[in-house]
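Colleague: Here the sequence shown is numbered in numbering that gives the first Met the number 0, starting from 0 and rising by one per residue.
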Amino acid sequence: MARNAEVMKAPSGEMTEKNLVEVLKIFFPSGNWEVQKRFSYDPENKRKFYRVDAISEKQKIVWEYDGPNHYNDTWKLQRDIDRDTYFKDMGYTVKRWPYFYQLTKEVAKNIFDKEFSEEKYLTAIKLVYGVDSENHILSPGWHTTKFTPGSWIERGVERFLDRLEIMPESLKHQLAFSLQLYIKSIGDSFLIIGDHKKLHELIKLRIDKNYVNYYFTQIHSD
Numbered sequence: 000m001a002r003n004a005e006v007m008k009a010p011s012g013e014m015t016e017k018n019l020v021e022v023l024k025i026f027f028p029s030g031n032w033e034v035q036k037r038f039s040y041d042p043e044n045k046r047k048f049y050r051v052d053a054i055s056e057k058q059k060i061v062w063e064y065d066g067p068n069h070y071n072d073t074w075k076l077q078r079d080i081d082r083d084t085y086f087k088d089m090g091y092t093v094k095r096w097p098y099f100y101q102l103t104k105e106v107a108k109n110i111f112d113k114e115f116s117e118e119k120y121l122t123a124i125k126l127v128y129g130v131d132s133e134n135h136i137l138s139p140g141w142h143t144t145k146f147t148p149g150s151w152i153e154r155g156v157e158r159f160l161d162r163l164e165i166m167p168e169s170l171k172h173q174l175a176f177s178l179q180l181y182i183k184s185i186g187d188s189f190l191i192i193g194d195h196k197k198l199h200e201l202i203k204l205r206i207d208k209n210y211v212n213y214y215f216t217q218i219h220s221d
């Protein structure tokens, strides 16, 4: 299927915590974004604090970049729940960007909603990936990382699947396809998705080729 896709040059970057902040500045240019700001949540112990990846006091939005430990660490998952409650009680909206997301147009429209525009989107993918066309960006998913869903705890898998339900259908196909490719490239599903039954169901998804016209390392780096 995807072997017939055009030859693509590897993108020069991907969505990272640093790039997320730059993308927020593009989509919310008047947000006055601050990074790594601390909030002491225990008045009796100032050494206990939450540090946010990005925050706009003007927009009342907190953004967090969720790396692998947000899916494979029980303590981290519980801390996420506690901190989300803390900020929501203070009147903030809390948004999270999982490490396996990339900036497809449908994901950008879903997440940035009314702030989305074609001009902003093209500026963002140029900054993050060094490309001028959406289908040349790195696809969402897992390509060469060892931080695969096989290392997640069960609650991390549930968190992933719950979030997938509120995201565009295209994202499910892109993530499932990346897992299929990764498993095929190493010949071992356990390293990629472990024994998680729901992930084994996910990779049975019949992929819509219209959703996967992006840069996949296992295909385009040959």
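Quick reminder that beta carbons are idealized off the backbone N, C-alpha and C, glycines included.
Relative to the C-alpha of E21, which candidate in T122, F159, K36, P42 has its C-alpha closest?
Modeller: Along the sequence shown, one-based indexing puts residue 21 at 22. Of the candidates T122, F159, K36, P42, the one whose C-alpha sits nearest the C-alpha of E21 is T122.
Colleague: I need the straight-line Cα distance from G193 to Y91, nearest angstrom please.
Modeller: Working through the sequence shown from its first residue, we reach residue 193 at position 194. Working through the sequence shown from its first residue, we reach residue 91 at position 92. So the alpha carbons of these two residues sit roughly 36 angstroms apart.
Colleague: Taking the alpha-carbon positions, what's the G30 to L23 distance?
Modeller: Residue mapping note: residue 30 aligns to position 31 of the sequence shown, counting from 1. Residue mapping note: residue 23 aligns to position 24 of the sequence shown, counting from 1. The alpha-carbon atoms of G30 and L23 are separated by roughly 8 angstroms.
Colleague: Just checking, does the segment 150-159 make contact with the segment 59-76 on the three C-beta pairs under 8 angstroms criterion?
Modeller: Counting Cβ pairs under 8 angstroms, three or more are found: they touch.
Colleague: Hey, F38 and F26 are a contact pair by Cβ (cut 8 angstroms); roughly how many whole angstroms apart?
Modeller: For the purposes of this step, residue 38 is identified with residue 39 of the sequence shown, where counting begins at 1. For the purposes of this step, residue 26 is identified with residue 27 of the sequence shown, where counting begins at 1. F38 to F26, Cβ: 24 angstroms. No contact.
Colleague: Report the start-end ranges of each alpha helix (DSSP H) in the segment 23-92 that is 4 residues or longer and not cut off at the edges.
Modeller: List check, alpha helix (DSSP H) in window: 68-71, 73-88.
Colleague: Using CA atoms only, rank isn't needed, just tell me which of S188, N209, F215 is closest to K203.
Modeller: Position 204 of the sequence shown, counted from the first residue, corresponds to residue 203. Closest by alpha carbon: S188.
Colleague: Hey, would you say Y210 sits closer than 9 angstroms to Q173, going by beta carbons?
Modeller: Position 211 of the sequence shown, counted from the first residue, corresponds to residue 210. Position 174 of the sequence shown, counted from the first residue, corresponds to residue 173. Cβ atoms of Y210 and Q173: closer than 9 angstroms.
Colleague: Please confirm whether S138 and F176 have their CB atoms less than 9 angstroms apart.
Modeller: In the sequence shown, counting from the first residue as 1, residue 138 sits at position 139. In the sequence shown, counting from the first residue as 1, residue 176 sits at position 177. Result yes, Cβ atoms of S138 and F176 sit closer than 9 angstroms.
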